[in-house]
Amino acid sequence: MRATPIALALALSLPALASPYRWRAEFTKESDAALRETYETLCSDARLDAAVGVAVRDAHFRRDGLDVHLVEGTIWLERPIDGYPTTAWFEGTGTATFAPEDRRARVQLASSYGRETIESDAIDSALFFTLDGRDLAEQLGIERAHGPALASTERYALAKAALRQLGTETLAAFLDRDGRAAGTTDVLLPLKSIRDAGSEDAFALYTLDPTALEEVRLRVAGAKQMSDFTQYRALFGTISAGDARSMASKPAGRVEQYSTRLTVGSSPDSAVESTTIHFTPVEGVRALRLALTPRLHVRRVFDSAGRTLPFVQWEWLRSGRSPNGTNLDLNADENLTVAFPEPLPAGEPFWVAVESDGTLFEPVGLTFWLAEEDRWHPRLDDPKPSRFELELKVPRSMIGVGAGRLVDHRVEDGKNVYLFRTTKPAKRSTFYLGDFLSETQKADDTEVEVYVDKMDTAARGNLGFAAKEVANMIRVYDRLYLPLGVDHIRVAATPTLHGRGFEGLILLSRYGGFSGDQAAADLFRAHEVAHQWWGNMVDTLNWPSDRWLSESFAEYSAMEYLRIRDNEPKEIAIRTYRQWVQPTLSGADEAYRTLQGDKRKDNASELFPLIEGGQIVYTKGPLVLHGLRYLFVVAQGSDAGFWEMLRTFLRDNRDRQVTTADFKACASKALGQDLGWFFDQWIYRAEIPNVSWSWKVHPIPDGFGLDVEATETTDTGFVLVCPVTAHLSKGRVAARPILIQGGKGTFKVGLPERPKKVTLDEGYECLARFDER
């Protein structure tokens, strides 16, 4: 989109923002001048006619979850851009209420703010940015009675400066204002409670974004609890995100394929990349906002119509430290915004190509690792999976390993040339390259190739062991679940601290996956291999709310692999306790202050429910699956139905994206009862019950009677099914579940002899803290 002469002249005459916080990011020289000027116009504090105000009294501005009550004051309207009204400034007295409908959004808010809703918080000003097609006075339905002039623009300028922290988010929305971005709303609010508890210049930013997957967000900038930044205290952090009730998200289009051609030289800054995005746009697309690392300097963007397209991109700020030494995230906008001269034809296949070069890697030993694992190529925010194709040209001394199937490998002009292509849609793709040593193993119908850096002595020493282990894991999972059905699996040792799984490619941290047969390394390796089933064979739909369906299931599969491999029940019980139970039940309390200033101290595992998708997917999540497995044992006499249920879930949903609701339906059907109660308390709630219990033995005619009593002391109202185990002579045991419902549970059972001891939940099948009286 080209700026009109009026908007252009206005942009060229803009003064510097009157703010103590200078936004240091700048556009690249290849960025389009007109788009830069439109962005500057949107962020300018020079468009407000401070002499002409509109009086307002008892008016409400309402959007999803937000109600801004303008009790009394004045509104100043910014002059339209290209005839389109966007922004207004309010000063006076008012209140703001934020009560999101989305359950997860309320939980997030409760953790950071201290309550699930913000009720009538006092404000003395507000900045409104709306793409409604009407100015704020029209939206509020107020008569344009003259108000006083704006005495000082200092607070207004600071609010406009804060909007720069969103990067080109507002620009992309403005370009799409007549299409999918219509209705976009940003409201910047100086909430009194947050300012009193944090910084005097703290802002809360409400966003209703129909182009985003999470349409309603509340972000906070400048509060001391959010960051310790001194120079960049206005950086925003999300404290609540959820779905809107009034609209569904409108991604720019359905991406069919990403085709990337990447050439790499002998240095990390030698990447030359060209990516073509094949997609079918929705109606009204005038701009694309593509995720892309600013390490790649975009040189040109063009499309299937043969047009060179205007774009804007921030320069990569190589220094991550301020002058006083504070570590800063200066590359705040890791996106590329591309504009079209007119809306794209909806429903018609289209492609856009991006050419770039730059520093895509960091060198470690003889390998190059991607500094930006998910932004190494331009990517559209499409919740559905796509296909990926990567042609990788690297020096002859290097080996490239990528996701998908290796379609071709040849030597051309002294370079190794690889062509990788996924065989089914996926959300992400990646690759690794380096001077590798490798070893090959066979696992059923799958060939396993493991690669390590030649200079990595520790990884080289464990190469053979790791290759055999990965092959054995695939054989076990083939039988535990479904045959993988993949010809080749490539495994690469990485210098990162984490691992990841893709179609045909597993990345294993050299610090865990190749460090021998220690307990943590064993579990880590088996977890990443399990993602070939839980994450690739079946993918999740919503992030992060369905994340546990991938991570918790992979973690549980890993422990089951060790149980099968070692056949050491006592050792598995110890590992279960150390890896899952202890971090969940006995994790250190976290002391913190909410944005309201309240001091709180909570167990880290109980801050968020599993549906929130945080780190507890690796600890609490597998314990929840363990409890579900026990329900099958109680109801059906064994866990065979549990494993058959998982196989059915994989079989029925292969190559599909699934939700927590899908799994709940599958589990309920397999067990023959509605498991809504189980999911409500373990997936959607965060509490962990405390249970006090006791047992006693007394003689009966044929042996001994065992009486067990249990009482929940935390008043969660949870239904608990816990195994009670009586240990008899010669290693024999007698086990029976106790049902704790309504806070209490009892049972009586006869035994042939006096038990040596009685335990409650010794196998960790019930998630609770138990205290024996």
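Heads up, the sequence shown is in the numbering used here, so the first residue is 1206 and it goes up one at a time.
Where a beta carbon is used, it is the ideal one built from N, C-alpha and C, also for glycine.
- Each residue's CA atom was taken as its position, placing serine 1810 and serine 1317 some 15 Å apart.
- Unbroken beta strand (DSSP E) runs of no fewer than 3 residues, entirely contained in the region 1366–1450, are found at 1390–1394, 1408–1413, 1421–1426 and 1441–1447, following chain order.
- In the DSSP assignment, threonine 1865 falls outside any beta strand (DSSP E) and lies within the alpha helix (DSSP H) extending over 1865–1876.
- Asparagine 1677 carries a helical assignment under DSSP once its states are collapsed to helix, strand and coil.
- Per DSSP, aspartate 1692 has no beta bridge partner at all.
- A Cβ-Cβ distance of about 5 Å is found for the pair leucine 1790 and arginine 1974, placing them in contact under the 8 Å criterion.
- At a Cβ-Cβ threshold of 8 Å, phenylalanine 1719 and leucine 1713 count as neighbours.
- Arginine 1610 is positioned such that its CB atom lies no closer than 8 Å to that of threonine 1635.
- Aspartate 1406 is positioned such that its CB atom lies closer than 8 Å to that of glycine 1427.
- Of the candidates Gln1370, Gly1842, Arg1385 and Val1276, the residue whose Cα lies closest to the Cα of glutamate 1231 is Gln1370.
- Looking at the backbone, the Cα of threonine 1246 and that of threonine 1373 are separated by about 12 Å.
- About 6 Å separates the Cβ atoms of arginine 1665 and leucine 1642, confirming a contact at the 8 Å cut-off.
- By the Cβ-count criterion, tryptophan 1898 is buried, with 16 or more other Cβ atoms from all chains shown falling within 10 Å of its own Cβ.
- Isoleucine 1711 has Val1696 and Gly1706 as its beta-bridge partners, per DSSP.
- Residue environment: arginine 1783 is assigned as exposed (fewer than 16 neighbouring CB atoms within 10 Å of its CB, all protein chains considered).
- With a cut-off of 8 Å on Cβ pairs, the region 1678–1694 is in contact with the region 1721–1741, counting three or more such pairs.
- If one requires a minimum length of 4 residues, the alpha helix (DSSP H) runs lying completely within the region 1813–1866 are 1825–1841 and 1845–1857, in chain order.
- If only complete runs of 4 or more residues are kept, the region 1531–1586 shows no alpha helix (DSSP H) anywhere.
- When beta bridges are read from the DSSP output, threonine 1951 appears opposite Glu1914.
- 8 Å or more divides the Cβ of glutamine 1801 from the Cβ of glycine 1297.
- Beta bridge pairing from DSSP links proline 1353 with no other residue.
- Listed in chain order, the non-local C-beta contacts of alanine 1726 below 7 Å within the same chain comprise Gly1717, Gly1718 and Ser1720, local neighbours out to five positions each way being set aside.
- Shown here, tryptophan 1519 sits in a strand according to DSSP, grouped into three states.
- Counted as a single uninterrupted DSSP element, the alpha helix (DSSP H) harbouring leucine 1247 occupies residues 1238–1248.
- Straight-line measurement puts the Cα of leucine 1624 at about 5 Å from the Cα of aspartate 1613.
- Beyond the five residues adjoining it in sequence on each side, serine 1471 comes within less than 7 Å, by CB distance, of Pro1600 in the same chain, given in chain order.
- About 18 Å separates the beta carbon of aspartate 1448 from that of valine 1487, a gap too long to meet the 8 Å contact definition.
- Runs of the beta strand (DSSP E) lying entirely within the region 1920–1971, each at least 3 residues long, are 1925–1932, 1938–1945, 1949–1956 and 1962–1965 in chain order.
- Around the beta carbon of alanine 1796, fewer than 16 other beta carbons lie within 10 angstroms, which makes this residue exposed.
- Our two residues, glutamine 1787 and lysine 1620, have alpha carbons roughly 51 Å apart in a direct line.
- Under the DSSP assignment, serine 1755 falls in the alpha helix (DSSP H) whose first and last residues are 1753–1771.
- In the DSSP assignment, alanine 1264 is bridged to Leu1275.
- The beta-carbon distance between tryptophan 1294 and tyrosine 1361, rounded to whole angstroms, is 5 Å. This is short enough to meet the 8 Å contact definition.
- Going by beta carbons, lysine 1397 and alanine 1327 fall inside the 8 Å limit.
- Rounded to the nearest whole angstrom, the C-alpha separation of glycine 1842 and glycine 1819 is 34 Å.
- Under the Cβ criterion (8 Å, minimum of three pairs), the region 1763–1777 does not count as touching the region 1409–1423.
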